[in-house]
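Read the structure below first, then the notes.
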Amino acid sequence: MTAIVDVRNMGKVYDGGHVALKDVSIQIEEGEIIALLGPNGAGKTTLISALCGIVTPSSGHGTVGGHDVVTGYRKARAMIGLVPQEIALEPFEKVINTVRFSRGLFGKKRNEALIEKILRQLSLWDKRNSRIRELSGGMKRRVLIAKALCHEPRVLFLDEPTAGVDVELRRDMWQVVEDLRKSGVTIILTTHYIEEAEAIADRIAVINKGQILLVEPKADLMSRMGQKTLRIDLMEPQRDVPAALAAFDVTLSADGQSLSYIYDTGGERTGITRLLQTLAAEGLALRDIQTKQSSLEEIFVGLIKEGEP
Amino acid sequence: MNLPAIWAIYLYEMKRFFRTLMESLLSPVISTSLYFVVFGAAIGSRIDEVEGVSYGAFIVPGLIMLSVMTQAISNASFGIYFPKFIGTIFELLSAPVNFLEIVLGYVGAAATKSLLIGIVILVTAGFFVEIQIMHPWAMLAFLLLTCISFSLFGFIIGIWAENFQQLQLIPLLVITPLIFLGGAFYSISMLPESWQTVALFNPVVYLVSGFRWSFFGTADVGVGWSLLAIAAFTGVCMGVVWWIFKTGYRIKS
Chain E
-1 MTAIVDVRNM
9 GKVYDGGHVA
19 LKDVSIQIEE
29 GEIIALLGPN
39 GAGKTTLISA
49 LCGIVTPSSG
59 HGTVGGHDVV
69 TGYRKARAMI
79 GLVPQEIALE
89 PFEKVINTVR
99 FSRGLFGKKR
109 NEALIEKILR
119 QLSLWDKRNS
129 RIRELSGGMK
139 RRVLIAKALC
149 HEPRVLFLDE
159 PTAGVDVELR
169 RDMWQVVEDL
179 RKSGVTIILT
189 THYIEEAEAI
199 ADRIAVINKG
209 QILLVEPKAD
219 LMSRMGQKTL
229 RIDLMEPQRD
239 VPAALAAFDV
249 TLSADGQSLS
259 YIYDTGGERT
269 GITRLLQTLA
279 AEGLALRDIQ
289 TKQSSLEEIF
299 VGLIKEGEP
Chain V
898 MNLPAIWAIY
908 LYEMKRFFRT
918 LMESLLSPVI
928 STSLYFVVFG
938 AAIGSRIDEV
948 EGVSYGAFIV
958 PGLIMLSVMT
968 QAISNASFGI
978 YFPKFIGTIF
988 ELLSAPVNFL
998 EIVLGYVGAA
1008 ATKSLLIGIV
1018 ILVTAGFFVE
1028 IQIMHPWAML
1038 AFLLLTCISF
1048 SLFGFIIGIW
1058 AENFQQLQLI
1068 PLLVITPLIF
1078 LGGAFYSISM
1088 LPESWQTVAL
1098 FNPVVYLVSG
1108 FRWSFFGTAD
1118 VGVGWSLLAI
1128 AAFTGVCMGV
1138 VWWIFKTGYR
1148 IKS
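Those sequence lines, one after another, are chains E and V. By the count of this note's numbering, the first sequence reaches residue 307 at its end, each step adding exactly one. By the count of this note's numbering, the second sequence reaches residue 1150 at its end, each step adding exactly one.
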């Protein structure tokens, strides 16, 4: 496998001095689906924009299919399809014309059969002669995808493809992505929905404040996400973790008021029953019990804290 | 050269023109007719002849220039401003096209539209006055060069403008006065001497004069100067457009 997208030490400082990307390096394999996860303003869109030619990187470089995105932009961009985050379409144009326009813009000869195939795949064929302004938001997003696909890209960037999209359309979108993967298209999507990354990505890159914090296969990251914390508030504060609980991996809070127990929901036994039985046997009165899923947010927070002095 | 891309942009822009064909053509035709009624018939009847040409015919080249210049600017500036305004500019920036191809597409379309409008006005004028064209090829060349250079200028305005007000600002504040003071309705020899000198600093004078020469063989300034002026204007506009794309001015950070 070769990296179809190769970013080396890329940085971007906007005119106002805002640092959007800091020394970003990432290699994306041909045919994979990678999700760029990060909070708003993390640099996801800037990274995509730099690769597609919408912003000029301040330092470092990137290649797509071996072509530098700045010096060899023609060949690099010809391989890229971009679905932007914002819905940007000319409202008075017909669906099919705007798709034809995109194909022409990428230097491809007319191919009505292909356009029909793409429009059918995206359930847009019946709407082909509708004006864009007559379409719903979800339909407009599909038009953007059709425009990005009509020049047969090898790499597809999907910038928040399902932001503000209803559940049904989201599932349709995932199906489209899956079909594309089968046809060998490499897909880079940005999202802040963990379930989206979970549903379709092979690898997940976490990005924050312009830096890539980790790139991991989804399975590895998900196993970390499967952990839950059980917090038990006690009636009486304890000085130490009760001896009977030594077999469990529990920690006592600084004020001695609560116990925390981390367990894996994916595991065969969570150990919760035994823990609670032991507590009862010890005669410890409980004030409250709560469980908390370690969310992506927490992983973010953890990663961000690690990165800071 | 990405020819399909140039063609795609050109066609897309032309489609908008044809989608609103009536509006696009009707308004210049009506305003030209009004000019003829007011200047040609009402006022013109009291003016004998200007440089041996009846006043009604004398204003034809100026009227065509007036419409062509304003239409070229408004079409080209709107053509590139609109994608900026609605965000579809991302597609141009992320496509495998270079600045020359983008400019050829947009400016080519805007120039074609204004050329069509110029021809329609010429034909309309034919209904009101008898028109003679002494140098048809030169006429066509002047017309074409004006369409191209003012479309380029409009393209620059479209890139520069950050809102619809700014889009109107330059045409209203700069171009319209320059055209009206550029001898569209009179020969600058009719001005007081001091104003004649001032008029020579108005680039539009050279364009109108050269264009009028192609009709009647008389000119305010030498034809060579006219050609030089329009070539220089085109050159400056091309330089600015090149700089815009090199630096990404107002379109790319």
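We put the CB at the ideal spot given by N, CA and C, even for glycine. Please read all numbers here as calculations on a predicted model, not as lab measurements.
Distance cutoff 7 Å, beta carbons only. Does residue i sit that close to anything in chain V?
| i | result |
| --- | --- |
| Cys50/E | yes |
| Pro82/E | yes |
| Glu53/E | The identity of residue 53/E in the sequence shown is Val, whereas the question assumes Glu. With 7 Å as the cut-off, Val53/E counts as an interface residue toward chain V. |
| Arg129/E | no |
| Ala252/E | no |
| Arg72/E | yes |
| Leu34/E | no |
| Asn75/E | According to the sequence displayed, residue 75/E carries Arg and not Asn. It does: the Cβ of Arg75/E has a partner Cβ on chain V nearer than 7 Å. |
| Gly102/E | yes |
| Ala86/E | yes |
| Tyr12/E | yes |
| Ser162/E | Inspection of the sequence shows that residue 162/E is occupied by Gly rather than by Ser. With 7 Å as the cut-off, Gly162/E does not count as an interface residue toward chain V. |
| Gly39/E | no |
| Gly79/E | no |
| Gly105/E | yes |
| Phe99/E | yes |
How many Å lie between residue i and residue j at the Cα?
| i | j | result |
| --- | --- | --- |
| Val909/V | Phe936/V | Residue 909/V is actually Tyr in this sequence, not Val. So the two alpha carbons sit approximately 38 Å from each other. |
| Ile956/V | Met962/V | 10 Å |
| Arg179/E | Pro151/E | 12 Å |
| Ala283/E | Gly269/E | 19 Å |
| Arg168/E | Ala1126/V | 59 Å |
| Ile1014/V | Cys50/E | 38 Å |
| Lys912/V | Val1101/V | 30 Å |
| Lys290/E | Ile130/E | 44 Å |
| Asp124/E | Leu156/E | 24 Å |
| Thr907/V | Gly105/E | Note that residue 907/V is Tyr in the sequence shown here, rather than Thr. Straight-line Cα distance between these residues: approximately 13 Å. |
| Gln255/E | Gly300/E | 24 Å |
| Ala161/E | Ile113/E | 25 Å |
| Trp172/E | Thr263/E | 26 Å |
| Leu922/V | Leu80/E | 37 Å |
| Gln1029/V | Leu1097/V | 27 Å |
| Ser971/V | Asp13/E | 30 Å |
| Phe246/E | Leu273/E | 7 Å |
Is the separation between the beta-carbon of residue i and that of residue j shorter than 7 Å?
| i | j | result |
| --- | --- | --- |
| Glu158/E | Thr184/E | no |
| Ile287/E | Ile230/E | yes |
| Ala1058/V | Tyr978/V | yes |
| Leu1124/V | Thr1043/V | no |
| Leu103/E | Ala902/V | yes |
| Ser1048/V | Ala1007/V | yes |
| Thr44/E | Lys20/E | no |
| Ser251/E | Thr227/E | no |
| Leu1075/V | Asn1099/V | yes |
| Glu100/E | Lys42/E | Per the sequence shown, residue 100/E should be read as Ser rather than Glu. Taking 7 Å as the Cβ cut-off, Ser100/E and Lys42/E do not qualify as a contacting pair. |
| Gly874/V | Ala973/V | The question about residue 874/V has no answer, for chain V in this structure spans 898 to 1150. |
| Phe1113/V | Val947/V | no |
Is the CB of residue i under 7 Å away from at least one CB in chain E?
| i | result |
| --- | --- |
| Ser991/V | yes |
| Thr929/V | no |
| Thr985/V | yes |
| Ser924/V | no |
| Asn972/V | no |
| Ala902/V | yes |
| Tyr909/V | yes |
| Asn1060/V | no |
| Gln1007/V | According to the sequence provided, residue 1007/V is Ala. The question's Gln does not apply to it. Chain E, which has no Cβ nearer than 7 Å to the Cβ of Ala1007/V, makes this no. |
| Ser1123/V | no |
| Ala1126/V | no |
| Ser921/V | no |
| Asn899/V | yes |
| Met954/V | According to the sequence provided, residue 954/V is Ala. The question's Met does not apply to it. No, no contact with chain E. |
How far does the alpha helix (DSSP H) with residue i in it reach, from first residue to last?
| i | result |
| --- | --- |
| Pro925/V | 918 to 932 |
| Phe155/E | Here Phe155/E belongs to no alpha helix (DSSP H); instead the beta strand (DSSP E) covers 153 to 157. |
| Glu998/V | 996 to 1025 |
| Leu1066/V | 1061 to 1067 |
| Arg140/E | 135 to 147 |
| Met1036/V | 1033 to 1057 |
Since residue i is in the beta strand (DSSP E), which residue starts that stretch and which ends it?
| i | result |
| --- | --- |
| Ile31/E | 31 to 35 |
| Thr289/E | 284 to 291 |
Inset, instruction - Let me know the alpha helix (DSSP H) ranges lying completely inside the segment 40 to 120 of chain E, each 4 residues or longer, listed in chain order. - result: 42 to 50, 71 to 76, 93 to 103, 110 to 119
Legend entry - Segments of 3+ residues assigned as beta strand (DSSP E) that fall wholly inside the segment 1072 to 1139 of chain V: none
Inset, instruction - Identify every run of the beta strand (DSSP E) within the segment 180 to 250 of chain E, keeping only runs that are complete inside it and at least 3 residues long; order them along the chain. - result: 184 to 189, 201 to 206, 209 to 215, 225 to 232, 248 to 250
Inset, instruction - Enumerate, from N- to C-terminal direction, the unbroken alpha helix (DSSP H) stretches of 4 or more residues contained entirely within the segment 949 to 991 of chain V. - result: 952 to 983, 986 to 990
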